[in-house]
Amino acid sequence: MSYEFDMIVIGGGAAGLTSAGMAASLGAKTMMIEKARLGGDCTWYGCIPSKILLNKGKEAKIAGRKTNYAEIADALDRIREEVYEDADHPDIFRNMGVDVRTGEATFKDNHTLSIKKENGDVESITARYFLIAAGSRAFVPPIPGLDSTPHHTNHTLFEMKKQPESMIVIGGGPIGSEMAQAFQRLGTQITIVDMGGRILSKDEPELTSIVQDSLERDGVNMQLGSGVTSVSGTDKEVQVVIEKDGSKTTLKAEKLLVATGRIPNADKLNLEAAGVKYTKRGIEVNPKCRTSQRHIYAAGDITGLYQFTHMSEHMAKVAVTNALLKVPMKIDSKHVPWCTFTDPEMAHVGASKKQLDEKGVKYEVYRFPYSKIDRAITDESTEGWIHIYAKKFSGKILGADVCGVHAGEMIGYYALAMRNGVSLKKIADTIFPYPGYALGARRAADQWYIKNQSTTLVKWIRRIFRYRGQLPDLSDPDRIV
Ligand SMILES: Cc1cc2nc3c(=O)[nH]c(=O)nc-3n(C[C@H](O)[C@H](O)[C@H](O)COP(=O)(O)OP(=O)(O)OC[C@H]3O[C@@H](n4cnc5c(N)ncnc54)[C@H](O)[C@@H]3O)c2cc1C
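Just so we're aligned, residue 80 is where the sequence shown starts under the numbering used here, counting upward by one.
Written as structure tokens, this is what we have:
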């Protein structure tokens with residue numbers, strides 16, 4: 080049977096843009112269908128606007144004054160538009176040979192899509208392969224009263240034209256924590272409510288406490304270990320009833336932000352007609368990003384596996400390589416980095432300490448404080464730590480946590496090292512420029528030498544070469560040098 084297209088990509092976010100561009104560059108007749116504007120969550124409602132606000136918050140903190148929110152709202156529009164023009168605009172993809180269409184796609188059968196255009200017309204299009212990259216939306220929990228109470232999610236937050244005096248943020252995950260700090264620094268009184276006892280529950284508690292302290296110092300009111308029992312209010316004021324240890328308190332604020340996770344858009348695509356299996360957690364894919372239908376692939380947030388732009392791009396690459404090149408490629412689930420861009424940043428890659436402990440893996444923890452990184456000292460940003468989990472003798476890195484300035488950049492070194500089998504010994508032997516933050520990565524790796532330096536060995540060196548110096552005290556393997 081002949082199909083109109085070799086590959087149709089549904090959704091023009093991070094996963095869709097990457098896959099459409101790659102498919103076209105491999106010579107496949109490719110269509111990309113997007114129901115809104117190309118760019119997806121990252122450009123319009125996620126990474127980009129959140130980082131703009133974090134930067135504006137930091138500027139406001141340094142300047143020590145409340146900022147003009149109208150200017151910030153303008154910056155949000157202007158910078159998002161710049162990113163769109165530079166990387167997401169349909170012409171960029173048309174120039175690559177992609178047929179870019181606006182419309183909402185649903186499956187009619189396993190090789191046919193129905194596309195509903197803006198004017199209401201419906202068109203049917205067939206393809207040999209499909210790549211579903213339709214993303215996710217904010218999960219709004221079934222809290223009594225929330226449906227009828229005005230609230231923001233990431234979809235509406237960045238469109239606000241007036242800065243609220245106060246805002247309650249439900250959820251202390253990466254989105255809630257980043258937005259809490261940004262708005263607090265801009266002058267909005269923030270309260271974070273979270274059922275867990277700490278923020279950033281997926282990260283290492285020893286380090287997230289540093290981020291939590293920083294937010295508290297900025298003035299964020301933390302209501303942790305507290306469940307929300309009901310919500311009510313109007314456009315002018317919301318009331319949030321929380322319960323902690325059996326006692327209830329009513330919090331009040333001008334606005335409410337719900338940041339309680341994401342839900343994949345898998346239920347919106349009539350996947351039943353195509354025989355593609357999915358659950359509430361997303362479209363089921365194997366490590367090659369293939370769905371239950373051999374010719375249909377899925378990548379990005381729609382799979383519910385990861386919720387990062389870089390993983391959407393990685394999965395898109397995996398899916399297109401398998402679908403169009405027939406070269407087996409799997410999702411690299413061992414070296415997934417992430418970063419929450421609060422100040423200080425909290426970043427991670429690979430296995431966590433908890434996962435290693437649960438699996439009974441033998442490893443050493445190599446710790447290095449930011450207070451010993453000269454560049455952090457000159458920048459007066461000495462808060463933070465590098466923790467590396469690695470094998471004792473080989474120095475093979477199993478995972479790393481970095482909390483501090485530029486942690487999002489630092490974690491990239493460990494991702495690169497892990498992916499390419501670069502041990503701590505090799506990092507320690509690499510020359511990094513002084514006084515960069517990257518030198519901190521080398522000095523953290525030096526800890527591997529320190530932990531492996533034995534008194535017996537030094538005694539032998541002294542004896543062989545007849546050295547006469549005092550034997551250093553090597554008894555504490557965790558000493559920082
Ligand atoms: C506030 C916030 C901050 C974030 N910060 C970061 C960060 O710092 N770093 C990071 O890595 N990640 C971050 N993320 C996550 C990141 O934005 C997502 O992981 C990423 O955008 C997912 O890309 P995607 O292509 O899977 O989906 P999306 O970007 O959501 O793209 C899906 C696209 O499909 C379209 N679509 C949906 N259904 C249909 C249909 N039926 N027909 C046609 N089109 C359809 C949608 O309109 C959308 O454009 C953040 C997310 C949020 C919400």
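Idealized CB from N, CA, C, for every residue including glycine.
Residues bridged to residue i (per DSSP)
i	result
residue 273	303
residue 183	195
residue 202	194
residue 44	As displayed, the chain neither begins before 80 nor continues past 560, which places residue 44 out of reach and without an answer.
residue 326	323
residue 418	426
residue 226	DSSP output for residue 226 lists no bridge partner at all.
residue 88	111 and 210
residue 188	191
residue 178	110
Contacts around residue i, its chain only, beta-carbon distance under 6 Å, and the 5 residues preceding and following it disregarded
i	result
residue 497	414, 429 and 476
residue 223	309
residue 460	484
residue 118	163 and 167
residue 554	none
residue 395	94, 97, 98 and 378
residue 205	82, 83, 190 and 191
residue 375	209 and 355
residue 388	93, 121 and 126
residue 534	553
residue 100	175
Residue range of the alpha helix (DSSP H) that includes residue i
i	result
residue 542	534-544
residue 316	Neither: residue 316 is in no alpha helix (DSSP H) and is coded neither H nor E.
residue 508	Careful: residue 508 lies outside any alpha helix (DSSP H) and carries neither H nor E.
residue 172	169-174
residue 284	284-297
residue 231	Where residue 231 is concerned, there is no enclosing alpha helix (DSSP H), given that its DSSP letter is neither H nor E.
residue 351	350-353
Three-state secondary structure assigned by DSSP to residue i
i	result
residue 25	Nothing can be reported for residue 25, as the shown portion of the chain is limited to 80 through 560.
residue 113	strand
residue 427	strand
residue 215	strand
residue 384	coil
residue 81	coil
residue 208	strand
residue 361	strand
residue 551	coil
residue 399	helix
residue 343	strand
residue 502	coil
residue 525	helix
residue 370	coil
residue 309	strand
residue 253	helix
residue 493	helix
residue 100	helix
residue 558	coil
Contact set for residue i: own chain, Cβ-Cβ below 8 Å, skip 5 residues either direction
i	result
residue 432	283, 444, 466, 468, 478 and 480
residue 225	219, 310 and 337
residue 551	537
residue 492	506, 517 and 520
residue 347	185 and 213
residue 154	131 and 135
residue 317	228, 229, 230, 247, 310, 311, 331, 332, 333, 334 and 335
Nonlocal neighbours in the same chain, by C-beta distance under 7 Å from residue i, ignoring five residues either side
i	result
residue 125	233
residue 289	423, 462, 463 and 482
residue 363	356, 357, 370 and 371
residue 287	277, 278, 279 and 425
residue 344	213, 214, 215, 216 and 381
residue 295	301
residue 368	376, 377, 378, 394, 397, 398, 401 and 410
residue 169	117 and 179
Endpoints, beta strand (DSSP E) assigned at residue i
i	result
residue 408	Unbroken run through residue 408: none, as it is neither H nor E.
residue 377	375-377
*Mind listing, in chain order, the continuous beta strand (DSSP E) runs of no fewer than 3 residues lying wholly within the segment 430-491?*
443-448, 464-469 and 476-483
*Along the chain, which unbroken stretches of the alpha helix (DSSP H) at least 4 residues long are found entirely within the segment 103-169?*
119-123, 126-142 and 148-162
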